[in-house]
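Peer 1: The C-terminal residue of the sequence shown carries number 698 in my numbering, and the numbering is unbroken.
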Amino acid sequence: MNVIFVTMGVVYSPFIDVYKKLAPKISNVGFYVSDKFYFEKNFINDCSIKYLKEWELTEQLDNIKIDRKLIEEYENRYFSDESIWNSMSNDRRIFLGKYAKVTQNYKSEYSYDEMLRLFQVFVLNIELFIKKIDPDIIVGMGQGTIGDYLFYKIAKAKNIKYVALKSVKNANYQTLTDTIGEEHHAIRKTFDEYFIGKKIEPQLQVKVDEHMQLIGNGITPYEGNVAIPKSYKIFELKDLKNYFKYVVKDIIFTVKKRDHHSKSLFSVTYFYNNTYKNYRARQLRNITRSRTIYKLDQIKHGDYIFFPLHAEPEISLTNYSKFYQNQIEVIRNICLQLPSKYKLIVKEHPRNIGRRSAGYYEKILEIPNVDFADFELPSLAVLRSSKLVIVLSGNIGYEAVLSKVPVITLGSTMYNMLPKYMVNHLDGIKNIYMEINHTIENYRWDSYAFEKYIAAIIQHSFQLDLYTVLLQKEGREGGSVFDRLKYENNIDMLSKNISDIWLRE
Numbered sequence: 194m195n196v197i198f199v200t201m202g203v204v205y206s207p208f209i210d211v212y213k214k215l216a217p218k219i220s221n222v223g224f225y226v227s228d229k230f231y232f233e234k235n236f237i238n239d240c241s242i243k244y245l246k247e248w249e250l251t252e253q254l255d256n257i258k259i260d261r262k263l264i265e266e267y268e269n270r271y272f273s274d275e276s277i278w279n280s281m282s283n284d285r286r287i288f289l290g291k292y293a294k295v296t297q298n299y300k301s302e303y304s305y306d307e308m309l310r311l312f313q314v315f316v317l318n319i320e321l322f323i324k325k326i327d328p329d330i331i332v333g334m335g336q337g338t339i340g341d342y343l344f345y346k347i348a349k350a351k352n353i354k355y356v357a358l359k360s361v362k363n364a365n366y367q368t369l370t371d372t373i374g375e376e377h378h379a380i381r382k383t384f385d386e387y388f389i390g391k392k393i394e395p396q397l398q399v400k401v402d403e404h405m406q407l408i409g410n411g412i413t414p415y416e417g418n419v420a421i422p423k424s425y426k427i428f429e430l431k432d433l434k435n436y437f438k439y440v441v442k443d444i445i446f447t448v449k450k451r452d453h454h455s456k457s458l459f460s461v462t463y464f465y466n467n468t469y470k471n472y473r474a475r476q477l478r479n480i481t482r483s484r485t486i487y488k489l490d491q492i493k494h495g496d497y498i499f500f501p502l503h504a505e506p507e508i509s510l511t512n513y514s515k516f517y518q519n520q521i522e523v524i525r526n527i528c529l530q531l532p533s534k535y536k537l538i539v540k541e542h543p544r545n546i547g548r549r550s551a552g553y554y555e556k557i558l559e560i561p562n563v564d565f566a567d568f569e570l571p572s573l574a575v576l577r578s579s580k581l582v583i584v585l586s587g588n589i590g591y592e593a594v595l596s597k598v599p600v601i602t603l604g605s606t607m608y609n610m611l612p613k614y615m616v617n618h619l620d621g622i623k624n625i626y627m628e629i630n631h632t633i634e635n636y637r638w639d640s641y642a643f644e645k646y647i648a649a650i651i652q653h654s655f656q657l658d659l660y661t662v663l664l665q666k667e668g669r670e671g672g673s674v675f676d677r678l679k680y681e682n683n684i685d686m687l688s689k690n691i692s693d694i695w696l697r698e
């Protein structure tokens, strides 16, 4: 087997460990890696691995000229069904500012010409790398870089098997799916078969029953959920120590060549992520105070439709909801079509509390039929108190499904495959006035359909503590607690499932 692993930052380490497990079966292996400093810190010296390093591609930027004919050839070859700009807007490091992860920053670090040159360099080198490795399978995960996007598009055009490791947002189940989107073709096909009468296999039925019982008891763990911060102190004594540490680190890094994963200063990032973020969280409260709902009873006794803001930057916007990235205008357009008895209630995403500018909320407040939910109110409780939930994509819409609350989706989500009377997916916002009333009036819970949905998910998934053990993410509401034995067991499970997919072909 020849394989390419497409990694981003911390994904490199678990994929290296997967490679070690599968090495006896692998003849030729390549790794696409991004985040220069994480790679250098965690580099595994193995002469059998061939690397394509993202930072070596971006460093070519100043040494090439735009070849528009070549770019058009690439566009015709790999992007006949969509714009090449989707590959670049998918990568916040290219399309947004260098502090976009910690504060609202839409001004790109790259110009129009520079982006075209980047596209040209990346496609050329990824093509050559694929030719060099001659992979039977390409394995990816995070769809957050231009490299992720291009490996997928080129693999599909060349009929190379491609799989991406993705959460299915049910407990710690993960799947290996064949796209970078939320189509989940295998799960959808199996769901359709079960829905029209195919019997669920006995061993699978046991797992489905266990999962349905958890959901029936109100337990819906998902380790991707971000916990709401516990404190918003603007300055603490530990901050003084940390600022000094990061200023020293910035000085040290003046002699190191940075890649576009590390253009931001450590001290400035810490400032945005702590002091300024907490100041802005208080500012948000002050700005929205006159239009904020603090108690759930106020929602229950009104006619509210809930719109949860998405975190930015996030693939749920840039990839799964690419036509709705300006959420202020999405809110405005929804409100312009609301039936008169309803108001829209908006709630900030836990990850973005304190990261947007005051002007962002002031623009939303200019829309008269919008109120805010206090960001310390649990989102689950807010949606359960609302008449309807409108989402772009993301897990909060699935929480609405589990809570038996009508939901409209505008973006791509896996749960769009449920019947329209459970999840009303709209291809556009034009007729949302009629769809709001239609969705509320025609909603019904279908336990039969939902059981088949869970069965299809489990059929094509496996249990893996992806975020909390393999990637060791902090501040998550579900998942597990990291230890070495759990990590090794998770690596074994991931290795087995990648191997099984290859062997089935």
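Beta carbons: idealized from backbone N, C-alpha and C, even for Gly.
Please read all numbers here as calculations on a predicted model, not as lab measurements.
Report yes if the CB atom of residue 225 is closer than 7 Å to the CB atom of residue 340, and no otherwise.
Peer 2: Against the sequence shown, residue 225 aligns to sequence position 32. Against the sequence shown, residue 340 aligns to sequence position 147. Between residue 225 and residue 340, the gap from beta carbon to beta carbon is short of 7 Å.
Peer 1: Report the rounded CA-to-CA distance for residue 197 versus residue 263, giving the unit in angstroms.
Peer 2: Within the sequence shown, numbered from 1, the residue matching residue 197 stands at position 4. Within the sequence shown, numbered from 1, the residue matching residue 263 stands at position 70. Within the model, the alpha-carbon separation for residue 197 versus residue 263 is close to 25 Å.
Peer 1: With burial defined as no fewer than 16 other Cβ atoms inside 10 Å of the residue's Cβ, what is the status of residue 695: buried or exposed?
Peer 2: Numbered from 1 along the sequence shown, position 502 holds the residue referred to as residue 695. By the 10 Å Cβ count, residue 695 comes out buried.
Peer 1: For residue 454, list the residues DSSP reports as bridge partners.
Peer 2: On the sequence shown, residue 454 is found 261 positions in, with the first residue counted as 1. None; residue 454 has no bridge partner.
Peer 1: CB-CB under 6 Å to residue 570, same chain, minus the five flanking residues each way: which ones, in chain order?
Peer 2: Numbered from its first residue, the sequence shown carries residue 570 at position 377. Within the same chain, residue 570 has no close Cβ partners at all.
Peer 1: Cβ of residue 487 within 6 Å of any heavy atom in the ligand FMN?
Peer 2: Annotation note on the ligand FMN: not contained in the displayed structure, which lists no ligands.
Peer 1: Determine the burial state of residue 564: buried for a count of at least 16 other Cβ atoms within 10 Å of its Cβ, exposed for fewer.
Peer 2: What you label residue 564 is simply residue 371 of the sequence shown in a count that begins at 1. Buried, because 16 or more other Cβ atoms sit within 10 Å of the Cβ of residue 564.
Peer 1: What's the gap between the Cα of residue 204 and the Cα of residue 335?
Peer 2: Counting from 1 along the sequence shown, the entry for residue 204 is found at position 11. Counting from 1 along the sequence shown, the entry for residue 335 is found at position 142. Distance between the alpha carbons of residue 204 and residue 335 is about 8 Å.
Peer 1: Thinking just about the alpha-carbon of each residue, which of 306, 327, 338, 647 is nearest to the one in residue 507?
Peer 2: The residue given as residue 507 occupies position 314 in the sequence shown. The residue from 306, 327, 338, 647 with its alpha-carbon nearest to that of residue 507 is 338.
Peer 1: Rounded to the nearest angstrom, what separates residue 552 and residue 481 at their Cα positions?
Peer 2: Mapped onto the sequence shown, residue 552 falls at position 359. Mapped onto the sequence shown, residue 481 falls at position 288. Distance between the alpha carbons of residue 552 and residue 481: 11 Å.
Peer 1: Buried or exposed for residue 215, going by 16 or more other Cβ atoms inside 10 Å?
Peer 2: Here residue 215 refers to the residue found at position 22 when the sequence shown is read from its first residue. Looking at its Cβ environment, which holds 16 or more other Cβ atoms inside 10 Å, residue 215 is buried.
Peer 1: DSSP state of residue 197, grouped into three classes?
Peer 2: Numbered from its first residue, the sequence shown carries residue 197 at position 4. Looking at residue 197 - three-state DSSP - the assignment turns out to be strand.
Peer 1: What is the DSSP secondary structure of residue 443, reduced to helix, strand or coil?
Peer 2: Counted from its first residue, the sequence shown places residue 443 at position 250. Three-state DSSP puts residue 443 in a helix.
Peer 1: In chain order, which continuous runs of the beta strand (DSSP E) of length 3 or greater are located wholly inside the region 237-267?
Peer 2: 242-246
Peer 1: Between residue 292 and residue 457, which are expected to be in contact by the criterion C-beta below 8 Å, what is the C-beta distance as a whole number of angstroms?
Peer 2: The residue you call residue 292 lines up with position 99 of the sequence shown. The residue you call residue 457 lines up with position 264 of the sequence shown. Correct: roughly 5 Å between the Cβ atoms.
Peer 1: With a cut-off of 8 Å on the beta carbons, I'd call residue 383 and residue 652 a contact; round off their distance for me.
Peer 2: Counting from one through the sequence shown, the residue named residue 383 turns up at place 190. Counting from one through the sequence shown, the residue named residue 652 turns up at place 459. Contact holds; Cβ gap of about 5 Å.
Peer 1: If I measure Cβ to Cβ from residue 531 and keep anything under 8 Å in the same chain, skipping five residues before and after, which residues do I get?
Peer 2: By 1-based counting over the sequence shown, the position of residue 531 is 338. Excluding positions up to five away in sequence, the list reads 498, 537, 562, 626, 629.
Peer 1: In terms of DSSP beta bridges, what is residue 367 paired with?
Peer 2: Start at 1 with the first residue of the sequence shown, and residue 367 comes out as number 174. Note: residue 367 sits in a beta bridge opposite 360, 655.
Peer 1: Could you check if residue 550 is buried or exposed, using at least 16 other CB atoms within 10 Å of its CB as the buried criterion?
Peer 2: On the sequence shown, residue 550 is found 357 positions in, with the first residue counted as 1. It counts as exposed.
Peer 1: What do you reckon, are the CB atoms on residue 599 and residue 633 nearer than 7 Å?
Peer 2: Taking the sequence shown and counting its residues from 1, one reaches residue 599 at position 406. Taking the sequence shown and counting its residues from 1, one reaches residue 633 at position 440. Yes. Within cutoff.
Peer 1: Would you list the residues sitting across from residue 501 in a DSSP beta bridge?
Peer 2: Here the question's residue 501 lines up with position 308 in the sequence shown. Beta-bridge partners assigned by DSSP to residue 501: 540.
Peer 1: To the nearest angstrom, how far is it from the Cα of residue 428 to the Cα of residue 504?
Peer 2: Within the sequence shown, numbered from 1, the residue matching residue 428 stands at position 235. Within the sequence shown, numbered from 1, the residue matching residue 504 stands at position 311. Going by the C-alpha atoms only, they are around 24 Å apart.
Peer 1: What are the boundary residues of the alpha helix (DSSP H) that residue 468 is part of?
Peer 2: In the sequence shown, residue 468 corresponds to position 275, counting from 1. Here the alpha helix (DSSP H) through residue 468 covers 468-481.
Peer 1: Using the three-state DSSP reduction, which class does residue 212 fall into: helix, strand or coil?
Peer 2: In the sequence shown, counting from the first residue as 1, residue 212 sits at position 19. In the three-state DSSP reduction, residue 212 falls in the helix class (H, G or I).
Peer 1: For residue 398, which of 680, 682, 692, 647 has the nearest alpha-carbon?
Peer 2: As a first step, residue 398 is located in the sequence shown; it is residue number 205 there, counting from the start. Among 680, 682, 692, 647, the Cα nearest to that of residue 398 belongs to 647.
Peer 1: When the distance is taken between beta carbons, is residue 373 closer than 7 Å to residue 348?
Peer 2: Walking along the sequence shown from the start, residue 348 turns up at place 155. Walking along the sequence shown from the start, residue 373 turns up at place 180. If you check the CB distance, residue 348 and residue 373 do not come in under 7 Å.
Peer 1: Are the region 344-359 and the region 572-581 in contact at 8 Å, needing three or more beta carbon pairs?
Peer 2: Taking 8 Å as the limit for Cβ pairs, the verdict is that the region 572-581 does not touch the region 344-359.
Peer 1: In whole angstroms, what separates the C-alpha of residue 491 from that of residue 438?
Peer 2: In the sequence shown, residue 491 corresponds to position 298, counting from 1. In the sequence shown, residue 438 corresponds to position 245, counting from 1. Their backbone Cα atoms lie some 46 Å apart in a straight line.
Peer 1: Am I right that residue 401 and residue 393 are in contact with their C-beta atoms under 8 Å? What's the rounded C-beta distance?
Peer 2: The residue you call residue 401 lines up with position 208 of the sequence shown. The residue you call residue 393 lines up with position 200 of the sequence shown. Rounded to the nearest angstrom, the Cβ distance from residue 401 to residue 393 is 6 Å, consistent with a contact under 8 Å.
Peer 1: Express the C-alpha separation of residue 378 and residue 650 in angstroms, rounding to a whole number.
Peer 2: Taking the first residue of the sequence shown as position 1, residue 650 is located at position 457. Taking the first residue of the sequence shown as position 1, residue 378 is located at position 185. Taking the straight line joining both Cα atoms gives about 11 Å.
Peer 1: Indicate the three-state DSSP secondary structure (helix, strand or coil) for residue 545 in the structure shown.
Peer 2: Taking the first residue of the sequence shown as position 1, residue 545 is located at position 352. If DSSP states are grouped into helix, strand and coil, residue 545 belongs with the helices.
Peer 1: With a floor of 4 residues, list each alpha helix (DSSP H) that falls wholly inside the region 589-660, ordered by position along the chain.
Peer 2: 625-635, 640-652
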